[in-house]
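Read the structure below first, then the notes.
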Amino acid sequence: MVPKEDSTAEERVVTTACSWDCGSRCLLKVYLSGGRITRIETDERPMPSLKACPRGLSQREVVYAPDRLTRPLKRAGARGSGDFIPISWEEALKIVSEQLQRVKENYGPESVLLMDYSGSQGPLHGTNGRSARRFFSLFGGCTGVFGNTSQEAALFSSMATFGTLFTGNSRDNFLYSKLIILWGWNPLVTRFGPDTGFYLSQAKKRGAKIICIDPQFNPSGRRLADQWIQVKPSTDTALLLAMAYVLIAENLQDHRFLETYTVGFDQFKGHLLGKEDGIPKTPGWAEEITGVPRGVIVELARVYASLKPAALCAGWAPGRTAFGEQYHRAASVLSAMTGNIGVQGGYVSGGTGRMPVGTLKKFLPVPPRTMPLIHVADIYDALLKGKGGEYPSDIKILYIVGCNLLNQLLNINKGLKALQVPEFIVVHELFLTPTARYADLILPVTHFFEREDIGQPWGSMSSGFIPMNKVIEPRGQTKSDLAIFTDLAERLGISGYREKSDEEWLKEFLSASPGMPDYEIWKEKSFFEVEHPRPWVAFRKEIENPQENPFPTPSGKIEIYSQKLAEMKNPLIPPIPKYIEPWEGPRDPLVRKYPLQLISPHARGRSNSMFENIPKLKPLNDLRVVLNLQDARSRDIQDGDPVRVFNDRGQLITTAKVTDQIMPGVASLEAGAWYCPDEKGIDRGACINVLTKDAKSPGGAFPCNSCLVQVEIERNFTEFQGPLGAHGQDKIAIKAGKSLDSQD
Ligand code: SF4
257 MVPKEDSTAE ERVVTTACSW DCGSRCLLKV YLSGGRITRI ETDERPMPSL
307 KACPRGLSQR EVVYAPDRLT RPLKRAGARG SGDFIPISWE EALKIVSEQL
357 QRVKENYGPE SVLLMDYSGS QGPLHGTNGR SARRFFSLFG GCTGVFGNTS
407 QEAALFSSMA TFGTLFTGNS RDNFLYSKLI ILWGWNPLVT RFGPDTGFYL
457 SQAKKRGAKI ICIDPQFNPS GRRLADQWIQ VKPSTDTALL LAMAYVLIAE
507 NLQDHRFLET YTVGFDQFKG HLLGKEDGIP KTPGWAEEIT GVPRGVIVEL
557 ARVYASLKPA ALCAGWAPGR TAFGEQYHRA ASVLSAMTGN IGVQGGYVSG
607 GTGRMPVGTL KKFLPVPPRT MPLIHVADIY DALLKGKGGE YPSDIKILYI
657 VGCNLLNQLL NINKGLKALQ VPEFIVVHEL FLTPTARYAD LILPVTHFFE
707 REDIGQPWGS MSSGFIPMNK VIEPRGQTKS DLAIFTDLAE RLGISGYREK
757 SDEEWLKEFL SASPGMPDYE IWKEKSFFEV EHPRPWVAFR KEIENPQENP
807 FPTPSGKIEI YSQKLAEMKN PLIPPIPKYI EPWEGPRDPL VRKYPLQLIS
857 PHARGRSNSM FENIPKLKPL NDLRVVLNLQ DARSRDIQDG DPVRVFNDRG
907 QLITTAKVTD QIMPGVASLE AGAWYCPDEK GIDRGACINV LTKDAKSPGG
957 AFPCNSCLVQ VEIERNFTEF QGPLGAHGQD KIAIKAGKSL DSQD
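The C-terminal residue of the sequence shown carries number 1000 in the working numbering, and the numbering is unbroken.
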């Protein structure tokens, strides 16, 4: 057991949980001396435990960063210039409340667009769907957003196929798997629970065969896999359909499972055999599309059908493509065809991977209110066109909480125009991000070290609940989002926003959740682990006793064919999973102009775009564009050469990394680097979203990995000496100026 606090030692230790948006919730032991954090350690127990990654262990540098925002800032130059002056909270709250009141009275509350996202996580202080939504619900409404940028395709598939989002197994299941397929999944970097890497390594030691399917031989594949299968981005569904075709052709499917637990297999089989479109989905058909040799497809299907139990872990990256929801649905059908659902060591492929065990049953409540919604991929279009573009509202105020919107949404150059449209932009932030630079007012917020909450694993991807103790007092004049909205509610005469103190809320959340200890007992612990007498397996009871335990779908079975989807009568959202030719895929005519498919994996040192400004973590990130040897040679590009990556939407200049660890025709650039334009408007920060297309998939997927580009050597390369510095942040603090330092 890790002590929560050791008051006998000279150093004090306070434990908390890392709360960033990566799915894990790792234990942090924060050492203090004289009220200052001196160092951070983590769970010292051997694995499996709640060990933190370098990002969590670098939170001292985050909380004390010299460019941390610690006073409210008001824009003093052109929007986007980064020129701000500090103002008092009194003035800042007066401005925000008057703007909200003005717009509500003149245009209606839906003229406020709320973009609250996953910048910080927690049932009380989490920014996604909590404090801001509670405020705006009581305010009278606003326009909200929908569409999860990471997993919307998986959410769609989970609900359509299984009728629930809880499709995940605990990671110890890997110990029973004979085969593990890491499909577009790189958990050694993205984590998805502190124990994922450990159990995968153990499974390998026990003899599990591990296959990596990815356009790039990612770090997890390199470390763990016996085989790398290269598939062209946006074409994974075709590969899955061809695997299903092989199972049928060789009679390898689990007939009993399909008959007992599924509906719609015959329609799916008919589609595979080409009964409706005359095109059998053979390995030869898929080879043309995916680039995977037909022999490899046949062998892959046979291995998946014979090595049981098998975990086909369908990662979210292939779902972040045009028609990405079809990939998740097809993966789910494969796991049903092989009978890998509901069994130890198997896996419900294609779902969200969430588990219902140990989930808190209560969070900061949001009073129900029907609000118009805009998909995250449409935000810029909605700002630019408003009702004239058939969007629900003409946006006058953009209210951003926990989101580096400009950097992380698709098509930055369109975003730059769109961010000039609202009459007023408010941003709650820790740092002067590329988005915050476009604010009219920035409200500085606390870090999770500066408040109390509950460290709940994201979607219960592990089973540890960690008391998030307050480590230090809020730096400077920062306030929590909850405190900011409390103040605004008071000014606007909104009653009932802050019904309870933080502690009262947290007690309520815990006591409403079965299996959790009393609050006081829980607070004495460093963490609380939910015990599993055996590995948690999604749908175990549905499989063991289907009569008593139907699936929560309309048919009570796994829906290979979804009547609900059929009733939508949209050929782009078919009732069975189909390969639909994606935009900006390898067969788009646009490849003649832009022949490389650009993908954007996560970086080791960032959580999405967070921590880009933290020098200690920078060396973990790679700002280079990765190219195959063949593609580099044909462009006369050597490793380390400066290159320009471009398409009709934008361009960036970076350097090339030339390797055989990525397939020909594909380029890769890590997501999350901060947008940093030079004087010509060319990005020098390696921010991929200057290139991505702002379009949503019909089922809602966020298609950031459907993006065609060209890469050329940059012969007139000049070192970038612009106002933001090569990586963006160092000069932002200086630019924002004297006002930002010595504020604490
Ligand atoms: S960033 Fe994620 S994996 Fe790393 S310590 Fe924090 S919660 Fe854990």
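Glycine included, every Cβ here is placed at the ideal spot set by N, Cα and C.
Treat the numbers as computed from the prediction; the structure is a model and nothing was measured.
Pair every Cβ in the region 406 to 421 with every Cβ in the region 642 to 660, then say whether three or more of these pairs are closer than 8 Å. no
Curious, which full-length alpha helix (DSSP H) runs of at least 4 residues does the region 796 to 824 contain? 796 to 800 and 819 to 822
Answer with buried or exposed for I535, where buried requires no fewer than 16 other C-beta atoms within 10 angstroms of its C-beta. Flag for I535 reads exposed.
Would you kindly report the start and end of the unbroken alpha helix (DSSP H) that includes T417? Per DSSP, T417 belongs to the alpha helix (DSSP H) from E408 to F418.
Extent of the continuous beta strand (DSSP E) run through N384: From DSSP, N384 is part of no beta strand (DSSP E); its letter is neither H nor E.
By DSSP, does W276 sit in helix, in strand, or in coil? W276 falls in the coil class under three-state DSSP.
Determine the closest residue to I343 out of L852, K525 and L697, with distance taken between C-alpha atoms. L697
I want to see whether chain B comes within less than 8 Å of F513, judged by CB atoms only; does it? The structure shown has no chain B; it contains just one protein chain.
Verify whether the separation of the beta carbon atoms of P574 and D492 is less than 8 Å. yes
Mind the definition here: the region 406 to 413 touches the region 437 to 452 only if three or more C-beta pairs lie below 8 Å; say whether that holds. With a cut-off of 8 Å, the region 437 to 452 and the region 406 to 413 do not count as touching, because too few Cβ pairs lie within range.
Excluding five sequence neighbours on each side, which residues of the same chain lie with their C-beta closer than 7 Å to the C-beta of T702? P730, T734, K735 and S736
May I have a chain-ordered list of the beta strand (DSSP E) segments no shorter than 3 residues that lie completely inside the region 866 to 904? 881 to 884 and 898 to 903
By the three-class DSSP mapping on this structure, what secondary structure does D212 have? Absent from the structure is residue 212, since the part of the chain shown begins at 257 and ends at 1000.
Does the beta carbon of S280 fall short of 7 Å from some heavy atom of ligand 1? yes
For H983, which residues in the same chain have their Cβ closer than 6 Å to its Cβ, ignoring the five residues on either side in sequence? The predicted model places H983 with a pLDDT of 38, which falls under 50 and marks its position as unreliable; any figure quoted below should be read in that light. Correct list: empty, nothing qualifies.
Beta-ladder partner(s) of Q853, from DSSP: V922 and L964
When you compare only the Cα positions, how much space is there between Y560 and L666? 36 Å
Report the CB separation of I436 from A633 in whole angstroms; it is logged as a contact under 8 Å. Rounded, the Cβ-Cβ distance is 32 Å, inconsistent with contact.
Based on the DSSP secondary-structure assignment, which residues constitute the bridge partners of V1041? In the structure displayed, the chain extends from 257 to 1000; residue 1041 sits before or after that span and is not available.
Within 8 Å, do at least three Cβ pairs link the region 887 to 901 to the region 966 to 974? yes
Per DSSP, which residues does H198 bridge with? Please list them. Nothing about residue 198 can be read from this structure; the chain reaches only from 257 to 1000.
How many Å lie between R610 and L616 at the Cα? 13 Å
Let me confirm a value: D201 is counted as buried when at least 16 other C-beta atoms fall within 10 Å, else exposed. Which label applies? Residue 201 lies beyond the residue range present for the chain, which begins at 257 and ends at 1000; the question has no answer from this structure.
Between the beta-carbon of A273 and the beta-carbon of G711, is there less than 8 Å? With contacts defined by Cβ atoms closer than 8 Å, A273 and G711 form a contacting pair.
If we count Cβ pairs, one from each stretch, closer than 8 Å, do we get three or more for the region 378 to 398 versus the region 928 to 939? no
Residue burial classification, N663 (beta-carbon count within 10 angstroms, cutoff 16): By the 16-neighbour rule on beta-carbons within 10 angstroms, N663 is buried.
Sub-8 Å separation of S476 and L528 beta-carbons: No.
Cα-Cα separation between P808 and S782, rounded to whole angstroms: Roughly 36 Å between the two C-alpha positions.
Rounded C-alpha distance that separates L306 from D299: 6 Å
Taking the alpha-carbon positions, what's the W250 to A459 distance? This structure leaves residue 250 out entirely; the chain is present only between 257 and 1000.
Using the C-alpha atoms, what's the distance from I504 back to P623? Their Cα atoms are separated by approximately 50 Å.
Hey, G841 and S490 are a contact pair by Cβ (cut 8 Å); roughly how many whole angstroms apart? 4 Å
With K913 and V881 assumed to form a contact (beta carbons below 8 Å), what rounded beta-carbon distance in angstroms separates them? 7 Å
Chain-order list of residues whose beta-carbon lies under 7 Å from that of Y753 (same chain, five-residue window excluded): For Y753, where only same-chain residues beyond five positions count, the Cβ hits under 7 Å are R390, F391, L394, F741, T742 and A745.
Using a 10 Å radius around the Cβ and a threshold of 16 neighbouring Cβ atoms, would you call N442 buried or exposed? Buried, since its Cβ has 16 or more Cβ neighbours within 10 Å.
Could you pull out every residue in the same chain whose Cβ sits closer than 7 Å to the Cβ of Q582, ignoring the five residues on either side in sequence? T493, P833, K834, Y835 and I836
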